[in-house]
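Novice: Following this message is one structure expressed as structure tokens.
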Amino acid sequence: MALSLGWHIVLACFGVAFPSMILVLHWRGVHRDDAVALTLAHRWATVSAVLFAIGAVSGTVLSFEMGLLWPGLMGPFGDVLGLPFALEGLAFFTEAIFLGIYLYGWGRLPPRVHLLMLVPMAVAGVVGTFCVVAVNAWMNAPAGFRVVDGEVTDVDPWAAMFNDLSVLQFAHMWVAAFMVVGFTVSGVYAVGMLRGRRDARHRLGFLVPFVFASVAAVLQPVVGHVLGAGLSDRQPAKLAAFELALTTESPAPLRLGGVLVDGQVRGALDIPVLGSLIARGSLTAPVRGLETFPVEDRPPVNLTHWAFQTMVGIGSALVLLVLLFWVARRRGHDLTQRRWFLRVAAVCGPLAVVALEAGWVATEVGRQPWVVYDVLRTADAAGDNPWLWSMLTGSVVVYTGLTVGAVVVLRSMARRWREGEEDLPSPYGPQRRSVDAGEEER
1 MALSLGWHIV LACFGVAFPS MILVLHWRGV HRDDAVALTL AHRWATVSAV LFAIGAVSGT
61 VLSFEMGLLW PGLMGPFGDV LGLPFALEGL AFFTEAIFLG IYLYGWGRLP PRVHLLMLVP
121 MAVAGVVGTF CVVAVNAWMN APAGFRVVDG EVTDVDPWAA MFNDLSVLQF AHMWVAAFMV
181 VGFTVSGVYA VGMLRGRRDA RHRLGFLVPF VFASVAAVLQ PVVGHVLGAG LSDRQPAKLA
241 AFELALTTES PAPLRLGGVL VDGQVRGALD IPVLGSLIAR GSLTAPVRGL ETFPVEDRPP
301 VNLTHWAFQT MVGIGSALVL LVLLFWVARR RGHDLTQRRW FLRVAAVCGP LAVVALEAGW
361 VATEVGRQPW VVYDVLRTAD AAGDNPWLWS MLTGSVVVYT GLTVGAVVVL RSMARRWREG
421 EEDLPSPYGP QRRSVDAGEE ER
């Protein structure tokens, strides 16, 4: 399940953030008569269709895994979780329908109608993501049911979906999606600039997603801090693992690095008081130590701690980079003319993906040993499927094939676009006319 979610979440980010970026480009192309923007919008939509198709496969695998791997969760709590999963399915098909209309509408739909086809795509991506993240938020803050004599009763699906954490946890993921897509797409054009392609298409292709990524990078620490503000009350063991706090300390230091070895913290750099200030919003409030929890209720400490610090460290570095870029730009310095900056921008996409994965590892591993916090343990939720290793092997083969296929198709598309072949064939699609600005206006 970890493999499937970790692979699928990157594609889900494109479903959330890419339509908004395409919308900005298409709007610019129509209202400013900008053929470069329209060409980029069409290319990005074609890439989005490829990623959407691949994501449909991995999403289908995930839906089967929920039932096959977690009978102890889906059996008793199926009525609680059914609503958000059903709405996510509707959102998925809505996005697919309007993506198809948008792709095949070039040169056929009136310009403003064609542009508006992107709005349902963007909204559906947001709704679908909210529904899925709401399920995970429910696992962290269970609501909408009661357990009486071991039976789940008084189910309220709406209360479960709109639990105490659903909005904040969704906001954290939504902003992360724009960081991943913005830095990844701008990094592609940064590589092109490093190879001497400094035309208007590459400049615009870099700038639009970088603007989205910049706003997201600056907002993310604020959203993350608000989300984590109540962690000491909701999941104190997870906070203790984040902070690598063995004993309760008041004030607690911010512990950078370090590992837990034989019950001792080794190699950490302690910054006094800052741990209490960040985690509790106080100069003196204590952070509860791991020693106050039974051993069986403690999460895997080192993995949780390092995943959290990796997420925060990469996020902080990305904030500094975007601030440097925009301050320099305001003072008349274009950092895209500097090769060192383009090299750094090229690796920001992979770094954003690592931060995303690390954030989910911190969230999920830090909640252990609970799959539904303080209600259902992971060991009780997981099945004893005798075909587990065969399923894992099959998943690895499927995801490897999908990854190779995606790389081959996208590289082939990029090569043909560089050679001037704009109208790539689409399966079952009607013959398309020109997509330049003049044709789009007509």
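For what it's worth, the UniProt record's numbering labels the leading residue of the sequence shown as 1, then goes sequentially. In this text, a Cβ means the ideal position worked out from N, Cα and C, and glycines have one as well. Quantities reported herein were computed from a predicted structural model and do not represent experimental measurements.
Would you mind sorting residue 153 into buried or exposed? The rule is 16 or more other CB atoms within 10 Å of its CB.
Specialist: Along the sequence shown, read from residue 1 onward, the residue named residue 153 stands at position 153. So residue 153 counts as exposed.
Novice: Between residue 270 and residue 360, what straight-line distance do the alpha-carbon atoms span, to the nearest angstrom?
Specialist: Sequence index remark: in the sequence shown, residue 270 carries index 270 (1-based). Sequence index remark: in the sequence shown, residue 360 carries index 360 (1-based). Approximately 25 Å, taken between the alpha carbons.
Novice: Between residue 152 and the ligand COA, is there a pair consisting of the residue's CB and a ligand heavy atom that are separated by less than 6 Å?
Specialist: The model on display carries no ligand, and the ligand COA is accordingly not part of it.
Novice: When the Cα atoms are used, what is the spatial distance from residue 21 to residue 277?
Specialist: Position 21 of the sequence shown holds residue 21. Position 277 of the sequence shown holds residue 277. So the two alpha carbons sit approximately 37 Å from each other.
Novice: With three or more beta-carbon pairs closer than 8 Å as the criterion, would you say the stretch 311 to 329 touches the stretch 351 to 359?
Specialist: yes
Novice: Are three or more beta carbon pairs between the stretch 41 to 58 and the stretch 157 to 166 nearer than 8 Å?
Specialist: no
Novice: Does the pairing of the stretch 179 to 197 with the stretch 335 to 346 give three or more beta-carbon distances under 8 Å?
Specialist: yes
Novice: Output the distance between the C-alpha atoms of residue 446 and residue 414, rounded to the nearest integer angstrom.
Specialist: Residue 446 lies beyond the residue range present for the chain, which begins at 1 and ends at 442; the question has no answer from this structure.
Novice: Taking the alpha helix (DSSP H) that residue 389 falls in, what are its first and last residues?
Specialist: Taking the first residue of the sequence shown as position 1, residue 389 is located at position 389. Unbroken alpha helix (DSSP H) run through residue 389: 388 to 418.
Novice: Report back the beta-carbon spacing between residue 23 and residue 37 to the nearest angstrom; my notes put them in contact at under 8 Å.
Specialist: Taking the sequence shown and counting its residues from 1, the one referred to as residue 23 is at position 23. Taking the sequence shown and counting its residues from 1, the one referred to as residue 37 is at position 37. Rounded, the Cβ-Cβ distance is 11 Å, inconsistent with contact.
Novice: Hey, residue 218 and residue 327 are a contact pair by Cβ (cut 8 Å); roughly how many whole angstroms apart?
Specialist: For the purposes of this step, residue 218 is identified with residue 218 of the sequence shown, where counting begins at 1. For the purposes of this step, residue 327 is identified with residue 327 of the sequence shown, where counting begins at 1. Not confirmed; about 12 Å, so no contact.
Novice: Using a Cβ-Cβ cutoff of less than 7 Å, which residues in the same chain neighbour residue 61 once the five nearest sequence positions on both sides are dropped?
Specialist: Walking along the sequence shown from the start, residue 61 turns up at place 61. For residue 61, the CB contacts under 7 Å within the same chain, skipping 5 residues up- and downstream, are 4, 395 and 398 in chain order.
Novice: Using a Cβ-Cβ cut-off of 8 Å (strictly less than) and excluding sequence neighbours within five positions of residue 44, which residues of its own chain qualify?
Specialist: The residue given as residue 44 occupies position 44 in the sequence shown. Only 18, 21, 22, 25 and 185 meet the Cβ criterion.
Novice: Using a Cβ-Cβ cutoff of less than 6 Å, which residues in the same chain neighbour residue 1 once the five nearest sequence positions on both sides are dropped?
Specialist: The sequence position of residue 1 within the sequence shown is 1, counting from 1. Hits under 6 Å: 65 and 69.
Novice: To the nearest whole angstrom, what separates the beta carbons of residue 272 and residue 253, a pair I think is in contact under 8 Å?
Specialist: The residue given as residue 272 occupies position 272 in the sequence shown. The residue given as residue 253 occupies position 253 in the sequence shown. 5 Å between Cβ atoms; contact.
Novice: Have a look at the DSSP bridge pairing and note the partners of residue 257.
Specialist: Stepping through the sequence shown from its first residue, residue 257 is reached at position 257. Answer is 268, bridged to residue 257.
Novice: Going by DSSP, what residue range makes up the alpha helix (DSSP H) through residue 343?
Specialist: Translated into the one-based positions of the sequence shown, residue 343 becomes position 343. That run of the alpha helix (DSSP H) goes 339 to 366.
Novice: Determine the closest residue to residue 322 out of 13, 335 and 109, with distance taken between C-alpha atoms.
Specialist: Start at 1 with the first residue of the sequence shown, and residue 322 comes out as number 322. Closest option to residue 322, Cα to Cα, is 335.
Novice: Measuring CB to CB, does residue 258 end up less than 7 Å from residue 268?
Specialist: Your numbering for residue 258 matches position 258 in the sequence shown. Your numbering for residue 268 matches position 268 in the sequence shown. Closer than 7 Å, so yes.
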